[in-house]
Amino acid sequence: MVVYYSKTPFFFKFYLIDLPGCGINQHMSSIKIEEIIEILYNKMPKNSIWLGWSIGGLIASRFVLSYPEHTLALITVASSPCFVEKKNWPGIKKYTAYKFYSDLQTNYFKTINNFFYLQQKYTKKYFYNSNKLKEIILSQSQPNREFLKNGLEIICSIDLRLEMTLIKVPFLRIYGSIDGLVPKEIKNILDKIWLNTDSVIIKQAAHIPHVSHPKEFCSILLNFKNLL
Numbered sequence: 001m002v003v004y005y006s007k008t009p010f011f012f013k014f015y016l017i018d019l020p021g022c023g024i025n026q027h028m029s030s031i032k033i034e035e036i037i038e039i040l041y042n043k044m045p046k047n048s049i050w051l052g053w054s055i056g057g058l059i060a061s062r063f064v065l066s067y068p069e070h071t072l073a074l075i076t077v078a079s080s081p082c083f084v085e086k087k088n089w090p091g092i093k094k095y096t097a098y099k100f101y102s103d104l105q106t107n108y109f110k111t112i113n114n115f116f117y118l119q120q121k122y123t124k125k126y127f128y129n130s131n132k133l134k135e136i137i138l139s140q141s142q143p144n145r146e147f148l149k150n151g152l153e154i155i156c157s158i159d160l161r162l163e164m165t166l167i168k169v170p171f172l173r174i175y176g177s178i179d180g181l182v183p184k185e186i187k188n189i190l191d192k193i194w195l196n197t198d199s200v201i202i203k204q205a206a207h208i209p210h211v212s213h214p215k216e217f218c219s220i221l222l223n224f225k226n227l228l
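So in the UniProt record's numbering the end of the sequence shown lands on 228, straight run, no missing numbers.
Now the structure itself:
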């Protein structure tokens, strides 16, 4: 959010939330997703648009499922209702998730650098935005192991594919066409079962489309807002 926030200041009021265990919320590392939802309910303005990137998309989705009457709309970015590969469902293998968790524990900074290298590999003209975000992330304190463990548990255990069919609020899903963590094929699958949702793929974007393609991303947000 940090990168595109400055591009839309007159259209939205952003509340930027650090995940438990990260940034200013490092002290909250051991709480579960249900506790996160309750904290958000008590702290955040009602009738908001909830936007979640990656694992944050799961948290935003869970909030909307719990409190639809307090939600104006939902936007998920490079996120999946089920991150792990299953029968007839594209996703990451559990082994890959566990290896990423292990790599973060062993060498956090090297793993983050490798992640951004993969994001930039096919979108070289967006180096500045990606490098800026990387600088911001690496300038923060390293997440503690309890957070990494909880994040792994959320990614590997949560499956909202069926529950999300119950969502009644406006819902937009944004994907990157070359995202290796959330395959674009998910879009077409969900289009058929989540009939009351909208979706869009940003071409030549990987797992951080809001960073690599800020103009396209902001245009999508504004168009969606204008329909509410």
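No residue lacks a Cβ here, since even glycine has one placed at the ideal position from N, Cα and C.
Check, Outcome
"Quick check: what's the CA-CA separation for VAL200 versus HIS207?", "14 Å"
"Can at least three beta-carbon pairs, one atom from the segment 71 to 81 and one from the segment 175 to 183, be found at a separation below 8 Å?", "yes"
"Beta-carbon within less than 6 Å of ASN113's beta-carbon, same chain only, minus the 5 sequence neighbours each way: which residues are those?", "none"
"Only counting runs of 4 or more residues, tell me where the alpha helix (DSSP H) segments fall wholly within the segment 135 to 172, in order along the chain.", "145 to 157"
"Can you give me the Cβ contacts of ILE137 inside the same chain, cut-off strictly under 7 Å, excluding the 5 residues immediately before and after it?", "ILE112"
"Beta-carbon separation of THR71 and TRP53 under 8 Å?", "no"
"Return helix, strand or coil for ASP198, following the three-state DSSP convention.", "strand"
"Ignore the nearest five residues each way along the sequence and tell me which others in CYS22's own chain have a CB closer than 8 Å to its CB.", "GLN140, PRO143, PHE147"
"Over what stretch of residues does the beta strand (DSSP E) that includes VAL77 continue unbroken?", "71 to 77"
"What is the rounded straight-line gap between the Cα of TYR41 and the Cα of PHE14?", "16 Å"
"Between which two residues does the beta strand (DSSP E) containing GLY57 stretch?", "Segment 55 to 66 is the alpha helix (DSSP H) holding GLY57; no beta strand (DSSP E) there."
"Would you kindly check if the distance between the Cβ of PHE11 and the Cβ of LEU222 is under 8 Å?", "yes"
"Are there three or more Cβ pairs, one per stretch, closer than 8 Å when the segment 102 to 111 is compared with the segment 179 to 199?", "no"
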